[in-house]
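In what follows, a structure is listed as structure tokens, so that the remarks can point back to it.
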Amino acid sequence: MKASDLFVKCLETEGVEYIFGIPGEENADFMMSLSESKIKFILTRHEQGAAFMADVYGRLTGKVGVCLATLGPGATNLVTGVANANMDRSRLLAITGQTDSHLLHKESHQNMDAITMFKPITKWNWSIRNPQNIPEIVRRAFKISLEEKPGAVHIELPQDIAKKDTDIPPIEPQPIFRSGANEELIKQAAQLILHAKNPIIFLGNGCVRENASSHIRKFVEKTGIIAMNTFMGKGVVSDDSPLHLHTIGIKDADHALLAMKSADVVIAVGVDLVEYSPKNWNQDLNKKIIHIDFTPSEVYTYYRPKVEIVSDIEYAIDDILSELESQKEIHPELDIFPRKEIPEIFKKILREVDERRDSFNDDMSFPIKPEKLIIDVRNAMGEHDIVLSDVGAHKLWIAKIYKTYQPNTCIIPNGFCSMGFAFPGAMAAKLVYPERNVVAMCGDAGFLMNVQELETAVRLKIQIITVVWCDRDLGMISMKQKNEFGKSVFTNFTNPDFIQLAESFGAVGYVVKSTEEFPRILDEAKKIQDKPVIIAIDVDYSRNNVLLNDSNYENV
1 MKASDLFVKC
11 LETEGVEYIF
21 GIPGEENADF
31 MMSLSESKIK
41 FILTRHEQGA
51 AFMADVYGRL
61 TGKVGVCLAT
71 LGPGATNLVT
81 GVANANMDRS
91 RLLAITGQTD
101 SHLLHKESHQ
111 NMDAITMFKP
121 ITKWNWSIRN
131 PQNIPEIVRR
141 AFKISLEEKP
151 GAVHIELPQD
161 IAKKDTDIPP
171 IEPQPIFRSG
181 ANEELIKQAA
191 QLILHAKNPI
201 IFLGNGCVRE
211 NASSHIRKFV
221 EKTGIIAMNT
231 FMGKGVVSDD
241 SPLHLHTIGI
251 KDADHALLAM
261 KSADVVIAVG
271 VDLVEYSPKN
281 WNQDLNKKII
291 HIDFTPSEVY
301 TYYRPKVEIV
311 SDIEYAIDDI
321 LSELESQKEI
331 HPELDIFPRK
341 EIPEIFKKIL
351 REVDERRDSF
361 NDDMSFPIKP
371 EKLIIDVRNA
381 MGEHDIVLSD
391 VGAHKLWIAK
401 IYKTYQPNTC
411 IIPNGFCSMG
421 FAFPGAMAAK
431 LVYPERNVVA
441 MCGDAGFLMN
451 VQELETAVRL
461 KIQIITVVWC
471 DRDLGMISMK
481 QKNEFGKSVF
491 TNFTNPDFIQ
501 LAESFGAVGY
511 VVKSTEEFPR
521 ILDEAKKIQD
531 KPVIIAIDVD
541 YSRNNVLLND
551 SNYENV
């Protein structure tokens, strides 16, 4: 068997469904082998788009998304998407070609050290130098990518190695069973909770990633403890729950941050510190923190757990709840479990959050307000439909305003935070869930970073809706420049005619002229079959300062 055939068979053994990428000369043998496989190859128009598609595939399926590029510029074009997946804990395998292995020690055509380049943005990577090692290397890559905390891995296949013969069979993957929590630590956590005055449950990316949502929802309902989430933890607890304070923001005036500051015990579940710095809510080092995650906590001045539970999140949450129920049986007089009253400060915050959002229901001013745009998109979407946010000022509005009822239905990259993520990512989401509506929310800057993937969507007849928030400015950068320096510089640009742009690719384009017509256009877009739809709308970003500083919450 040729080595490239073996590589593909190993991928089949791992259950790979799609590979996103662009072929080149140095991976030609691999592509020929792939053409005989049941794995579907998705030809993209840029390697960065391929990596973002693999990233979202990994987030939504729990499997490893695979992207492919040739050597040199193909490999470098993958870097941003691979780094984004790795920092957001998404399961991804990047495969790159390479020149003949006997040329790697010297200067040769497009040769560069891709292994060293990918090392800081992956959990593990390797260059195959012996075809007999392919099953071990592929199996190891998948195992490491899937292990908590998951992330990106990279394999390089030189073209001469791909042509060699081998007789080694693939290695079958084995199920991995996660460990339970330490009994003594569970008891310690329960005692901290029972003695807390204002405990809060803080939910992060890990809760979405490992499908712990149902266990956490039960814990919240049974204990009566208020919960909130990071940007990447949206949907773990439904935003309709009276015990949920929605998503924490970015500045001191943020309502959820004020709630965190009022808490004495913080139950941090599946939270990566890259999602939200504990310095924002524990600057005085006075919080008692219960750390619950698959891995030990990072060493950080402002994050010092009193109890550190390293185990499967579901096991830990269930065990703490069982311990609290046991304590209630032993001490029936305990009125702290379950908590019958929501602390007044939390009631006030939740009421004002809802009132603020709802106050824009009938706002028909144009350009459209961010709040109104998000309300209209939410009204057009079902509970299980998927919204993907790109990176920019709109990301903060979506995080705060978009009501999310199920995990992995509002995807916001918030680790590496790469612009250009949402549009190609939405295509992968639609491939995974063809029966759901999928909407990419993009700024006009971020959308044009990967606009070439519009051809991919048209060619594959992928019906996704992209809402382009137009202000002809790098809004987030402009906002921060003005906040610090009193003015913005070098952030303005012009946009194309989005209708002509869409139609030139064979897609459908709209430019919204009034706030009243936006919901109607959304409904029209949902009915269009087998074509992507681009909806451009001017947005009034004058309210962006609310994201940085809002005096309405200073006295909450």
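Numbered continuously in full-length UniProt numbering, the sequence shown closes out at residue 556. Don't be surprised by glycine CBs; every beta carbon is placed ideally from N, CA and C.
Check	Outcome
Alpha carbon to alpha carbon, what distance is there between Lys372 and Ser359?	9 Å
What does a CB cutoff of less than 7 Å around Asn552 pick up in its chain, not counting 5 residues either side in sequence?	Because the pLDDT of Asn552 is 39, which lies under 50, any placement of that residue in the model is unreliable, and the number read from its coordinates should be weighed accordingly. If we look at Asn552 and ignore the five residues flanking it on each side, it has no Cβ neighbours.
Under the three-state reduction of DSSP, which class applies to Met112: helix, strand or coil?	coil
What residue does the beta strand (DSSP E) around residue 568 start on, and which one ends it?	Nothing in the structure corresponds to residue 568, since the chain is present only between 1 and 556.
For residue 565, which beta-bridge partners are listed by DSSP?	No statement about residue 565 is possible, as the shown extent of the chain runs from 1 to 556 and does not include it.
Can you tell me which of the three DSSP states Asp530 falls into?	coil
Among the candidates Thr404, Ser514, Ala50, whose CA atom is the shortest distance from the CA of Ala85?	Ala50
From His46 to Leu454, what distance separates their C-alpha atoms?	11 Å
Taking buried to mean at least 16 other C-beta atoms within 10 Å of its own C-beta, is Asp293 buried or exposed?	buried
Rounded to whole angstroms, what's the CA-CA distance from residue 558 to Ile317? Just pull it up for me.	Because the chain in this structure spans residues 1 to 556, residue 558 falls outside the shown range and cannot be described.
With a floor of 4 residues, list each alpha helix (DSSP H) that falls wholly inside the region 278-362, ordered by position along the chain.	313-330, 344-358
Inspect the beta-carbon positions of Asp88 and Gly415 and report whether they are closer than 7 Å.	yes
What first and last residue would you give for the beta strand (DSSP E) that runs through Asn229?	226-229
Return the chain-ordered list of same chain residues with a C-beta closer than 7 Å to the C-beta of Glu148, the five sequence neighbours on each side being excluded.	Phe294, Thr295
How is Tyr18 classed by DSSP in three states: helix, strand or coil?	strand
Just to confirm my understanding: we take residue 558, look at its own chain, exclude 5 residues before and 5 after, and list those with CB closer than 7 Å. What are they?	Coverage of the chain is limited to positions 1 through 556, which leaves residue 558 absent and any answer about it impossible.
Taking Ala263 and Pro131 to be in contact with their CB atoms under 8 Å, please state how far apart those CB atoms are, rounded to whole angstroms.	Incorrect: roughly 56 Å between the Cβ atoms, too far for contact.
At 3 residues or longer, and completely inside the region 427-482: list those beta strand (DSSP E) runs for me, N to C.	438-443, 465-470
State the CB to CB distance for the pair Asp113 and Ser90, rounded to an integer number of angstroms; the pair is presumed to be in contact (CB under 8 Å).	Not quite, the Cβ-Cβ distance comes to about 25 Å (not below 8 Å), so this is no contact.
So, under 8 Å CB-CB, Gly204 and Gly233 are touching, yes? Tell me the CB distance rounded to an integer number of Å.	5 Å
Does DSSP classify Ile186 as helix, strand or coil?	helix
Distance check for Asn280 and Leu323, CA to CA, integer angstroms please.	The question names Leu, but residue 323 in the sequence shown is Glu. Cα to Cα, the separation comes out at about 31 Å.
Whole angstroms is fine: what's the gap from Phe366's alpha carbon to Ile216's?	41 Å
Using the Cβ count rule (16 or more neighbours within 10 Å means buried), how would you classify Phe20?	buried
Any idea what DSSP makes of Asn198, helix, strand or coil?	coil
What's the call for Lys403, buried or exposed, on a 16-neighbour Cβ count within 10 Å?	buried
Inspect the beta-carbon positions of Met427 and Ile462 and report whether they are closer than 7 Å.	yes
With DSSP run on the structure shown, which of helix, strand or coil describes Glu136?	helix
Thinking C-alpha only, which one of Lys348, Leu350, His154 is nearest Val64?	His154
Considering only DSSP beta bridges, list what Pro158 is partnered with.	Gln98
Helix, strand or coil: which one does DSSP assign to residue 557?	Nothing about residue 557 can be read from this structure; the chain reaches only from 1 to 556.
Looking only at its chain, what residues have a beta carbon closer than 7 Å to the beta carbon of Phe231, apart from the 5 residues adjacent to it on each side?	Thr247, Glu275, Ala399, Ile412, Asn414
Looking at Val391: is its Cβ nearer than 7 Å to the Cβ of Met364?	no
Compute the distance between the beta-carbons of Gly180 and Ser311, then report whether it is under 7 Å.	yes
DSSP state of Phe485, grouped into three classes?	helix
Assuming Pro370 contacts Val539 (C-beta within less than 8 Å), just tell me the rounded distance between them.	6 Å
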